[in-house]
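**Student:**
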Amino acid sequence: MVRVRFAPSPTGYLHIGGARTALFNWLFARHNRGKFILRIEDTDRSRSTEEYIEAIIEGMRWLRLDWDEGPFRQTDRFEIYRRYVERLIAEGKAYRCYCTPEELEERRKKALSEGRTPKYDGRCREIREPIPDRPFAIRFKMPQEGQVVIKDMIKGDVVFENNQLDDLIIMRSDGTPTYNFVVVVDDVEMAITHVIRGDDHLNNTPKQVHIYSALGYKTPEFAHLPMILGSDRTRLSKRHGATSVLAYRDMGYLPDALVNYLVRLGWSYGDQEIFSRQELIEYFSFENVGKSSAIFNPEKLLWLNSQYMIRSDERELSELVIPFLIREGIIHEGHKVDIEWLSRAIRTLKERAKTLVELAKMLRYYIAEEVEYEEKARDKFLTPETLRLLQELRYSLEGLAEFSASAIEDVFRKHISRHKIKLGQLAQPVRVAMTGGTESPGIFEVLEVMGKEKVLKRLDRAIEYIKGR
RNA sequence: GGUCCCAUCGUCUAGAGGCCCAGGACGUAGCCCUCUCAAGGCUAAAACACGGGUUCGAAUCCCGUUGGGACCGCCA
Numbered sequence: 001m002v003r004v005r006f007a008p009s010p011t012g013y014l015h016i017g018g019a020r021t022a023l024f025n026w027l028f029a030r031h032n033r034g035k036f037i038l039r040i041e042d043t044d045r046s047r048s049t050e051e052y053i054e055a056i057i058e059g060m061r062w063l064r065l066d067w068d069e070g071p072f073r074q075t076d077r078f079e080i081y082r083r084y085v086e087r088l089i090a091e092g093k094a095y096r097c098y099c100t101p102e103e104l105e106e107r108r109k110k111a112l113s114e115g116r117t118p119k120y121d122g123r124c125r126e127i128r129e130p131i132p133d134r135p136f137a138i139r140f141k142m143p144q145e146g147q148v149v150i151k152d153m154i155k156g157d158v159v160f161e162n163n164q165l166d167d168l169i170i171m172r173s174d175g176t177p178t179y180n181f182v183v184v185v186d187d188v189e190m191a192i193t194h195v196i197r198g199d200d201h202l203n204n205t206p207k208q209v210h211i212y213s214a215l216g217y218k219t220p221e222f223a224h225l226p227m228i229l230g231s232d233r234t235r236l237s238k239r240h241g242a243t244s245v246l247a248y249r250d251m252g253y254l255p256d257a258l259v260n261y262l263v264r265l266g267w268s269y270g271d272q273e274i275f276s277r278q279e280l281i282e283y284f285s286f287e288n289v290g291k292s293s294a295i296f297n298p299e300k301l302l303w304l305n306s307q308y309m310i311r312s313d314e315r316e317l318s319e320l321v322i323p324f325l326i327r328e329g330i331i332h333e334g335h336k337v338d339i340e341w342l343s344r345a346i347r348t349l350k351e352r353a354k355t356l357v358e359l360a361k362m363l364r365y366y367i368a369e370e371v372e373y374e375e376k377a378r379d380k381f382l383t384p385e386t387l388r389l390l391q392e393l394r395y396s397l398e399g400l401a402e403f404s405a406s407a408i409e410d411v412f413r414k415h416i417s418r419h420k421i422k423l424g425q426l427a428q429p430v431r432v433a434m435t436g437g438t439e440s441p442g443i444f445e446v447l448e449v450m451g452k453e454k455v456l457k458r459l460d461r462a463i464e465y466i467k468g469r
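Note that our numbering has the first sequence beginning at 1, numbered continuously upward.
Below is the structure:
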């Protein structure tokens, strides 16, 4: 049974890189009908916050990456770690270190300034009896001879020389355990079979492998995912723009589009670009995961989002766009929305809007009482020459029994052939009258969606405007 | 600096020794469609980092060089 976990530390929001790690874990679990576990790595109490824990969970929910066990919190499990630490001490595999952080820092600086690699010298290894009344940390005795081979599902075999590894601190002087240790204990306790994480952890892996052996457990399989980089090829971070997953939600992206984008960063399936969740689960495999890092490209994400908008059901989009309509001030909180009508409006717009934010903005002219004319559009199209045209059209439309796009089109066609003009010469002024601007869906559908009453009202207003020019 | 990882169009990638004077997608440019804007269709420019091997044959295997990245905490 495959058991994997996503183990974020709540020292920030769920970001793009973390989300992709979570996603690959989730896909691997679902593909293999295994379990996906969520574990919060909050052993650093000074930097972890409740707010971040909430935000990470919210991000996971939004992306619909559901987990089967957890969220577990390491701060609830300190007793467990203490037991393992004591065992290692009793077995002589760990020892008390009385060096102070200040001393350590000083030695590190000295090593660096002399061009040496900083490494703990192991001086406290030899202390036999505990020194009373002196604070101490616990260090793990790292083997200093031989090598470790990490068999990685993505990178292949990676070899490390043991003499490069330090005796790392597994428990701080305040009694709290550290990352490289708790990770191993938890992965053992939670029976994790595959550790899938960013390749920034690859250098930690040999240390962890030695902890597994010291504890007497078999190592899990490893898969180290290549990093996601910003446009300057450094690790993706705030200065590259939005990196929080929830920021993309707020910018009007669809979670499935983000998931699709993220999965294609490093994974491929022939030439296919767009995948349903079902396909993703079915096709996912580490065989098709690349080894090299990838640059986050917001333009491709935007394109994917527009593709997902086009393919989305209008009723679904209706529900999703409402918060954005409120945020744009187009409707008020608690406003009763006619979903049926909104869906029809969205049908005309969804292939034009790349995000829910854009969709909300485009809906303004359908929903608002009045439109505001864009200056250029108004000056160009609401001219005295069009006055008669608009007046005649207005009366023909008023007489229409069935206010449908095709009936409206018939009316337009009659008018343009009578006046021997091109459709654009009539459509553009009408478009400005209806939307205030020069860009919109097909004019007949716009009128149908808007409804006779609003159409007549807006034509009247345009006519009045021209008269008053 | 040390350790480790990586290297195909600007970007994401296909490529498992001959199917490749390298395919798809985003972006860019042009054309078509057209009531505007999109969407869609067609076309174009655009890459195997470099140098050595191995082989009848290398984008693919090996070595080196160069370049990029990550990590080197009583952070995770």
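In this text, a Cβ means the ideal position worked out from N, Cα and C, and glycines have one as well.
For the beta strand (DSSP E) containing GLN147, name the first residue and the last one.
**Tutor:** 147–152 is the extent of the beta strand (DSSP E) around GLN147.
**Student:** Across the region 340–353 and the region 378–386, are there enough close Cβ pairs to call them in contact, namely three or more that are closer than 8 angstroms?
**Tutor:** These segments do not touch.
**Student:** For ILE196, list the residues DSSP reports as bridge partners.
**Tutor:** In DSSP, ILE196 forms a bridge with ALA223.
**Student:** Distance, Cα to Cα, LEU320 vs GLU103?
**Tutor:** Each residue's Cα considered, the two are about 57 angstroms apart.
**Student:** Whole-angstrom Cβ separation of ALA137 and ILE228, contact assumed at under 8 angstroms?
**Tutor:** With 8 angstroms as the limit, ALA137 and ILE228 do not qualify as a contact, their Cβ atoms being about 34 angstroms apart.
**Student:** Would you report the Cα separation of GLU398 and GLU448, rounded to the nearest angstrom?
**Tutor:** GLU398 and GLU448: Cα-Cα distance of roughly 13 angstroms.
**Student:** Do MET60 and ALA7 have their C-beta atoms within less than 8 angstroms of each other?
**Tutor:** Cβ distance not < 8 angstroms, so MET60 and ALA7 don't count as in contact.
**Student:** Kindly indicate the opening and closing residues of the beta strand (DSSP E) around ASP250.
**Tutor:** Premise fails: ASP250 lies in the alpha helix (DSSP H), 245–250, not in any beta strand (DSSP E).
**Student:** If you drop the 5 nearest sequence neighbours on each side, which residues of the same chain put their C-beta closer than 7 angstroms to that of ASN305?
**Tutor:** If we look at ASN305 and ignore the five residues flanking it on each side, its Cβ neighbours are TYR253, LEU254, ALA257, LYS354 and THR355.
**Student:** Measure the CB-CB distance between PHE181 and ILE170 and report whether it falls below 8 angstroms.
**Tutor:** Contact flag set, yes.
**Student:** Excluding the 5 residues flanking LEU165 on each side, which residues of the same chain have their C-beta closer than 7 angstroms to its C-beta?
**Tutor:** MET142, PRO206 and LYS207, listed in sequence order.
**Student:** What is the DSSP secondary structure of TYR95, reduced to helix, strand or coil?
**Tutor:** DSSP places TYR95 in strand when its eight states are reduced to three.
**Student:** Can you name the start and end residues of the beta strand (DSSP E) that ALA401 belongs to?
**Tutor:** Where ALA401 is concerned, there is no enclosing beta strand (DSSP E), given that its DSSP letter is neither H nor E.
**Student:** Which one or two residues does DSSP pair with LYS35 in a beta bridge?
**Tutor:** In the DSSP output, where bridge partners are listed per residue, LYS35 has ARG3.
**Student:** Going by DSSP, what residue range makes up the alpha helix (DSSP H) through ARG461?
**Tutor:** Element bounds for ARG461: 452–467.
**Student:** Pick out whichever of TYR395, ARG139, THR43 and ALA345 has its Cα sitting closest to the Cα of ALA90.
**Tutor:** The candidate whose alpha carbon is nearest that of ALA90 is ARG139.
**Student:** Under a Cβ-count criterion, where at least 16 other Cβ atoms within 10 Å of its own Cβ denotes burial, should ILE16 be classed as buried or exposed?
**Tutor:** Buried, because 16 or more other Cβ atoms sit within 10 Å of the Cβ of ILE16.
**Student:** How would you write the range of the alpha helix (DSSP H) that PHE324 sits in, first residue to last?
**Tutor:** Unbroken alpha helix (DSSP H) run through PHE324: 314–327.
**Student:** Answer yes or no: do TYR212 and THR43 have a C-beta to C-beta separation smaller than 8 angstroms?
**Tutor:** Their beta carbons are not under 8 angstroms apart, which means TYR212 does not touch THR43 by this criterion.
**Student:** Since VAL195 and ASP187 should fall inside the 8 angstroms C-beta cutoff, what is the C-beta to C-beta distance between them, to a whole number of angstroms?
**Tutor:** Rounded, the Cβ-Cβ distance is 6 angstroms, consistent with contact.
**Student:** Counting Cβ pairs closer than 8 angstroms, one from the region 346–365 and one from the region 428–447, do we hit at least three?
**Tutor:** These segments touch.
**Student:** Are the CB atoms of ALA360 and PHE286 nearer to each other than 8 angstroms?
**Tutor:** Cβ atoms of ALA360 and PHE286: not closer than 8 angstroms.
**Student:** Would you tell me roughly how many angstroms separate the C-alpha atoms of LEU325 and LYS110, rounded to the nearest one?
**Tutor:** Their backbone Cα atoms lie some 60 angstroms apart in a straight line.
**Student:** Using the Cβ count rule (16 or more neighbours within 10 Å means buried), how would you classify ARG5?
**Tutor:** Buried is the call here.
**Student:** Tell me which residues share the same chain as TYR217 and place their Cβ nearer than 6 angstroms to its Cβ, disregarding the 5 neighbours each side in the sequence.
**Tutor:** Closer than 6 angstroms at the Cβ level, and outside the excluded window around TYR217, lie VAL188.
**Student:** Can you give me the Cβ contacts of LYS238 inside the same chain, cut-off strictly under 7 angstroms, excluding the 5 residues immediately before and after it?
**Tutor:** Excluding sequence neighbours, LYS238 sits near nothing in its chain.
**Student:** Where does ASN25 land, buried or exposed, given buried means 16+ other C-beta within 10 angstroms?
**Tutor:** Under this definition ASN25 is a buried residue.
**Student:** What is the rounded straight-line gap between the Cα of GLU273 and the Cα of PRO298?
**Tutor:** The straight-line gap from Cα to Cα measures roughly 15 angstroms.
**Student:** For the beta strand (DSSP E) containing PRO298, list its first residue and its last residue.
**Tutor:** No beta strand (DSSP E) holds PRO298; the alpha helix (DSSP H) holding it covers 298–311.
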